[in-house]
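Q: Input: one structure, supplied below.
Numbering (full-length UniProt numbering), first residue to last: 1 to 136.
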């Protein structure tokens, strides 16, 4: 059975969401570094909800992992496109992703805004949780 560890839903969520505030469409931002010091792969789950956005054009958010060596991030390692939801008038976007974090390495977690609108300056929530393949 997989072991899941949820991050705190208040302080941690606010810290993770802060880099997303006001990000213009087409921009990529570093959310945080993730270090896996174990000898096993683990998985990172992300749940994101934006504040109110306009316009309502369809789009996506790219979740990108870049291997970190020293202070340098590799250009591309792993990328997952996650589609956003659209509505009429202003909208909130709810996204979810699951990413494998390879063992014995440090990775930069980046998100690219491809939603066709600037991210709101507040009201964004990004919650993370991790789990591994340990069996009890």
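Heads up, the beta-carbon is just placed ideally off N, CA and C, and yes, glycines get one too.
Taking DSSP's pairing of strands, which residues face residue 51 in a bridge?
A: None; residue 51 has no bridge partner.
Q: Mark residue 69 as exposed unless 16 or more other C-beta atoms lie within 10 angstroms of its C-beta, in which case mark it buried.
A: An exposed status is given to residue 69, since fewer than 16 other beta-carbon atoms sit within 10 Å of its beta-carbon.
Q: I need the boundaries of the beta strand (DSSP E) containing residue 32, first residue and last residue.
A: 28 to 36
Q: Can you tell me whether residue 103 is buried or exposed? The criterion is at least 16 other CB atoms within 10 Å of its CB, across all chains shown.
A: exposed
Q: For residue 29, which residues from the same chain have a beta carbon less than 7 Å from its beta carbon, with the 5 sequence-adjacent residues on both sides left out?
A: If we look at residue 29 and ignore the five residues flanking it on each side, its Cβ neighbours are 19, 20, 23, 110 and 111.
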